[in-house]
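Going line by line, the protein sequences match chains G and W. In terms of numbering that gives the first Met the number 0, the first sequence opens at residue 0 and continues consecutively. In terms of numbering that gives the first Met the number 0, the second sequence opens at residue 0 and continues consecutively. Note that CB positions come from ideal geometry on N, CA and C, so glycine has one too. Take a look at the structure set out below.
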Amino acid sequence: MTDITITVNDREITATVEPRLLLVEFLRETLLLTGTHVGCDTSQCGACTVHLNGRSVKACTVLAVQADGQRVTTIEGIAAADGALHPMQEAFREHHGLQCGFCTPGMVMSALALVERNRGEPLTETIIRNELEGNLCRCTGYQGIVKSIVAGAKAMGAHVGGAP
Amino acid sequence: MYAFAYQRPNTLKEAEAAFNAGEDASYLAGGQTLIPTLKQRLRQPSVVVDLGAIAALKGIAATNGGISVGAAVCHADVAAAPEIRKLIPALARLASQIGDPQVRNRGTLGGSIANNDPASDYPAALVGLGATVHTSARDLAADEFFTGMFETALASGELVVKVSFPAPRRAAYVKFRNPASRYAIVGVMVAETAQGVRVAVTGAGPCVFRIPEMEAALAKTFSIGAIQNIPIASGELNADIHATAEYRAHLVGVMAERAVAMIA
Ligand SMILES: Cc1cc2nc3c(=O)[nH]c(=O)nc-3n(C[C@H](O)[C@H](O)[C@H](O)COP(=O)(O)OP(=O)(O)OC[C@H]3O[C@@H](n4cnc5c(N)ncnc54)[C@H](O)[C@@H]3O)c2cc1C
Ligand code: FES
Ligand code: FES
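Here is the structure:
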């Protein structure tokens with residue numbers, strides 16, 4: 000067993016875990032933060048995407064012990080304190096960015112990371128589609144997701160436009 | 000996943016000691032290959048030695064005429080590093096095409112080359128650019144480092160510390176990717192370096208290899224025409240559900256031509 004301290008959604012959490020425990024299991028089963036989903040458990044689908052020190056990672060492919068001393072943000076951690084949805088969440092609701100919703104937490108966390116990663120240049124639909132390579136959706140056909148991310152990025156003050 | 004003990008040493012010496020103390024130890028870098036392997040129970044280490052806290056494995060630095068990249072530097076950081084984009088843009092571009100953003104945020108240079116997956120991208124960069132692998136014991140030319148399918152010259156417990164890439168005069172990497180996994184079905188790095196023209200192929204065979212006929216032809220005339228009629232034998236190439244050996248042989252020529260076209 001290994002002692003770890005992880006800051007999850009701005010709360011410092013100390014726990015004793017088995018080294019083989021996955022970060023996604025720690026979040027879902029120990030902390031009961033079940034917004035982060037497990038779609039494949041084989042590093043393919045991105046439903047388990049969270050931010051580790053601000054960068055998107057697949058929480059099914061990180062050990063909880065590897066996150067010791069680091070900062071983790073999950074889908075539960077992005078809305079405002081009063082419960083108002085994050086602009087990216089609002090955009091997904093407004094623009095039909097989801098059908099069954101299973102992929103959505105991962106999509107939103109990837110969307111937030113890709114907006115931040117591309118702050119330096121205008122965000123285009125091509126960039127968005129390329130950067131969603133690690134997230135699979137079996138319902139929407141991605142059209143609504145891309146539309147949502149364009150709207151969400153604009154609401155976050157990102158420069159969206161230029162050639163598609 | 001079977002249970003294992005876990006250690007996170009702070010130095011190379013401690014890491015090697017932890018590795019050698021374990022019966023069947025395994026180093027852990029980004030985990031993007033090792034963790035899926037553990038889940039499938041294809042490996043059962045008694046102890047996992049996490050390299051994440053070792054400062055000596057981190058960082059990107061300009062060297063005399065090139066760039067050195069620490070083993071624990073993730074693909075996203077190689078892709079974004081201003082000094083790499085300036086001096087060896089082909090290397091930054093190669094890193095930007097590995098897997099997906101989440102994989103690039105975790106997966107590392109050291110993990111990728113130590114694993115030497117026949118479909119991985121970095122072997123083509125190291126061999127194509129004539130890089131040197133600095134291990135905890137010695138310096139190895141990339142040509143000597145990759146020895147076979149999932150095999151390298153690393154001894155048990157030996158660590159990749161960093162890789163130094165000399166800046167080429169010009170270089171380009173083009174890959175035909177598996178649309179699902181993004182691994183290379185065939186990837187070709189063409190580089191004009193101080194040691195001459197180098198053409199390195201990944202994905203096609205069991206291990207990265209060079210094509211001396213193309214190198215000689217390009218050294219004479221650096222143009223697509225120079226390599227268009229060079230036959231690639233399919234005999235030793237990989238065949239799987241994604242591509243036959245004959246198709247891979249064909250793709251080697253096409254990817255090489257595209258790489259040359261980018262820089263001719
Ligand atoms: C969905 C997905 C898509 C991918 N697509 C691609 C792709 O398109 N192209 C590509 O090239 N790769 C791809 N990969 C693999 C990815 O690049 C991995 O990051 C890489 O293969 C392993 O690096 P790692 O840091 O995660 O190593 P780990 O998984 O931590 O370790 C891999 C092996 O290397 C050993 N090791 C690690 N570091 C060292 C070191 N410093 N010295 C000695 N031994 C060490 C470990 O003991 C282990 O045996 C993909 C992976 C996934 C999950
Ligand atoms: S559950 Fe992690 S990638 Fe699918
Ligand atoms: S909305 Fe159902 S998987 Fe994406």
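Segment limits, alpha helix (DSSP H) that includes residue i
i       : result
I126(G) : 124-130
R19(G)  : Run containing R19(G): none; DSSP gives neither H nor E here.
A17(W)  : 11-20
V149(G) : 142-154
Q98(G)  : Here Q98(G) belongs to no alpha helix (DSSP H), and DSSP marks it neither H nor E.
A91(W)  : 88-95
H74(W)  : 74-79
Q88(G)  : 86-93
R105(W) : 100-105
Beta strand (DSSP E) segment containing residue i, residue limits
i       : result
P44(W)  : Note, P44(W): premise wrong, no beta strand (DSSP E); not H, not E.
F175(W) : 169-176
V126(W) : No beta strand (DSSP E) holds V126(W); the alpha helix (DSSP H) holding it covers 121-128.
M106(G) : Unbroken run through M106(G) is the alpha helix (DSSP H), 103-116; no beta strand (DSSP E).
I3(G)   : 1-7
E191(W) : 183-192
L108(W) : Run containing L108(W): none in the beta strand (DSSP E); it sits in the alpha helix (DSSP H), 108-114.
A225(W) : Unbroken run through A225(W) is the alpha helix (DSSP H), 223-226; no beta strand (DSSP E).
L51(G)  : 48-51
A4(W)   : 4-6
R70(G)  : 70-72
Residue i vs residue j beta-carbon contact at 8 Å
i       : j       : result
L51(G)  : A63(G)  : no
V7(G)   : A58(G)  : no
A28(W)  : A79(W)  : no
G45(G)  : G105(G) : yes
L217(W) : V185(W) : no
P100(W) : A152(G) : no
A152(W) : T146(W) : yes
E82(W)  : A61(W)  : yes
K38(W)  : D40(G)  : yes
Neighbourhood of residue i by C-beta, 6 Å cutoff - its chain only, sequence neighbours within 5 removed
i       : result
A89(W)  : A170, A171, Y172
A75(W)  : R103, N104
G156(W) : E15, F18, N19
T103(G) : L97
G160(G) : P121
A244(W) : S233, L236, A238
S95(W)  : A78
D138(W) : T131
S119(W) : S111
Contacting residues, own chain, Cβ-Cβ under 7 Å from residue i (five flanking each side not counted)
i       : result
M108(G) : T48, V49, H50, S55, I74
M148(W) : P117, P205, C206
C73(W)  : G29, R103, N104, R105, G106, T107
Y1(W)   : R40, Q43
R70(G)  : T6, N52
V251(W) : V185, V187, V200, A203, I231
S135(W) : L11, E15, E157, L158, V160
R27(G)  : T33, T35
M213(W) : V198, I226, I229, A255
Beta-ladder partner(s) of residue i, from DSSP
i       : result
S25(W)  : V47(W)
I59(W)  : V68(W)
V159(G) : L122(G)
T60(G)  : Beta-bridge pairing links T60(G) to no other residue.
V253(W) : Partner(s): none; V253(W) has no beta bridge.
G195(W) : T192(W)
T134(W) : V159(W)
G147(W) : E150(W)
R209(W) : A199(W)
For residue j and residue i, believed in contact at Cβ under 8 Å, the rounded distance
i       : j       : result
A123(W) : T201(W) : 4 Å
P167(W) : E191(W) : 6 Å
I148(G) : A110(G) : 5 Å
V259(W) : V189(W) : 6 Å
R7(W)   : D49(W)  : 4 Å
V132(W) : I112(W) : 7 Å
F3(W)   : R19(G)  : 6 Å
E93(G)  : A150(G) : 7 Å
M0(G)   : T13(G)  : The pair is not a contact, with the Cβ atoms about 13 Å apart (cut-off 8 Å).
L128(W) : I97(W)  : Actually they are not in contact, since the Cβ atoms of L128(W) and I97(W) sit about 16 Å apart, beyond 8 Å.
S163(W) : G65(W)  : 6 Å
S222(W) : A263(W) : 5 Å
E143(W) : N115(W) : Not confirmed; about 13 Å, so no contact.
G68(G)  : T29(G)  : No, G68(G) and T29(G) are not in contact; Cβ-Cβ is about 17 Å, not under 8 Å.
Cutoff 8 Å: residue i Cβ touching any chain A Cβ
i     : result
F3(W) : Checking the listed chains, one finds no chain A in this structure; the protein chains it contains are G and W.
Sequence-distant residues of the same chain with beta carbon closer than 8 Å to residue i, five excluded per side
i       : result
G38(G)  : C44, G45, A46, C47, F101, C102, G105, L135
A52(W)  : R7, P8, N9
S45(W)  : F3, A4, G21, E22, D23, A24
E115(G) : G53
E89(G)  : G151, A154
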